[in-house]
Amino acid sequence: MNILLISEYYPPDQVGASTRVSILIKELIKYHKVTLITGSPHYPKPKKPDLNFLNPIKIYQKQNFKIIKIWIPEIKMDSTLGRLFNYYYFTFFFILGLPYVSEKPDFIWGTSPNVFCGFTAKIARFFLGGIPIVNIDDIWPEGAIDFGFLTSKFSRCLAEALANASLNRIKIITTISESISKYYRRKYQIPEIYMIPVGIEKQRLSKLIHLKSNFKKKEINFPKNEIILMYSGKLGRGYDFEIMIHAFKILQEDDDSAIKLII
Numbered sequence: 005m006n007i008l009l010i011s012e013y014y015p016p017d018q019v020g021a022s023t024r025v026s027i028l029i030k031e032l033i034k035y036h037k038v039t040l041i042t043g044s045p046h047y048p049k050p051k052k053p054d055l056n057f058l059n060p061i062k063i064y065q066k067q068n069f070k071i072i073k074i075w076i077p078e079i080k081m082d083s084t085l086g087r088l089f090n091y092y093y094f095t096f097f098f099i100l101g102l103p104y105v106s107e108k109p110d111f112i113w114g115t116s117p118n119v120f121c122g123f124t125a126k127i128a129r130f131f132l133g134g135i136p137i138v139n140i141d142d143i144w145p146e147g148a149i150d151f152g153f154l155t156s157k158f159s160r161c162l163a164e165a166l167a168n169a170s171l172n173r174i175k176i177i178t179t180i181s182e183s184i185s186k187y188y189r190r191k192y193q194i195p196e197i198y199m200i201p202v203g204i205e206k207q208r209l210s211k212l213i214h215l216k217s218n219f220k221k222k223e224i225n226f227p228k229n230e231i232i233l234m235y236s237g238k239l240g241r242g243y244d245f246e247i248m249i250h251a252f253k254i255l256q257e258d259d260d261s262a263i264k265l266i267i
């Protein structure tokens, strides 16, 4: 089976979407032929950009895996306008990579940027054929509204219209959690929804197990009445670190035991 993946992010990009698509590809190439159209230079900023305006496309070929990189102008993404520019640019100019897709895809899987990947999957289907699939990592635009990124009524209406247009005529989506699956099934009545949980590569997992075994060997004596909260993840908005802080404060107020927070 031939699968075309369209993702603005791919390692060494330092975002969650990059890690998820990398793990996905490592599993897919075991059984299928995979082509990836992705962007470059990489986020947040490359030391040595491998593409530029005069050299906008680069192709890497492995056994069952082809990478087609498309140049994206270096715009800072620490602002809403910067992010939108990058999203729109990749959404329109990824088509430069379509002529380099050597075989007609059976499935076209748009994975990032989140709300725009419905457009990229449908555009690629128009030129190449195949069944479009859209990946959903975050609920949009509700997530952006909750975090205060979309404050005006106009921006909210525009974002909602964009989300509806992106998923229009899409019959298959993938999500990263059961709650997102239920939400999109209820809101958009999409017939086929498959959950692909966020995972950890076996290589990294084995390293964590090794570190854990070494940690156990060390003699660390914690008081028996001490409560320990441990957090491993991104220290950013939209993640569980804030919940951990709230739990830590509640335990401090309601429990006489000693409490430690390990990050």
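Counting in our numbering, the sequence shown runs from 5 upward without gaps.
Glycine included, C-beta positions come from ideal geometry on N, C-alpha and C.
Kindly give me the distance between the Cβ atoms of residue i and residue j, rounded to whole angstroms, as I take these residues to be in contact under 8 angstroms.
| i | j | result |
| --- | --- | --- |
| Phe120 | Thr95 | 5 angstroms |
| Ile137 | Thr178 | 6 angstroms |
| Thr115 | Asn90 | 15 angstroms between Cβ atoms; not a contact. |
Rounded to whole angstroms, what's the CA-CA distance from residue i to residue j? Just pull it up for me.
| i | j | result |
| --- | --- | --- |
| Phe151 | Pro145 | 10 angstroms |
| Ala125 | Lys157 | 29 angstroms |
| Gly122 | Ala169 | 8 angstroms |
| Asn118 | Gly147 | 12 angstroms |
| Lys34 | Ile7 | 12 angstroms |
| Pro60 | Ile232 | 51 angstroms |
| Glu107 | Lys253 | 56 angstroms |
| Ile71 | Gln65 | 6 angstroms |
| Ile149 | Gln67 | 43 angstroms |
| Ser183 | Ile29 | 24 angstroms |
| Ile74 | Asn56 | 9 angstroms |
| Lys221 | Ile249 | Any reading at Lys221 must be qualified, since the residue scores a pLDDT of 49, below 50, and its modelled position is unreliable; no value is offered. |
| Ile76 | Leu85 | 15 angstroms |
| Arg87 | Glu31 | 29 angstroms |
What did DSSP end up calling residue i once you bin it into helix, strand or coil?
| i | result |
| --- | --- |
| Glu3 | The structure shown does not extend to residue 3, since the chain is modelled only from 5 to 267, so the question has no answer here. |
| Val38 | strand |
| Met199 | strand |
| Gln256 | helix |
| Tyr64 | strand |
| Ser11 | strand |
At what residue ranges does the segment 85–150 contain a whole run of the beta strand (DSSP E), taking only runs of 3 or more?
List check, beta strand (DSSP E) in window: 111–116 and 135–140.
Count the CB pairs spanning the segment 8–19 and the segment 34–43 that are closer than 8 angstroms, and state whether there are at least three.
Touching, yes, given that three or more Cβ pairs across the two stretches are closer than 8 angstroms.
Segment contact, 8 angstroms Cβ cut-off, at least three pairs: the segment 15–29 with the segment 86–104
No contact exists between the segment 15–29 and the segment 86–104.
Could you pull out every unbroken alpha helix (DSSP H) segment of at least 4 residues lying fully inside the segment 149–184, listed in chain order?
Assignment of alpha helix (DSSP H) within the segment 149–184, counting only whole runs of 4 or more residues, yields 157–171 in chain order.
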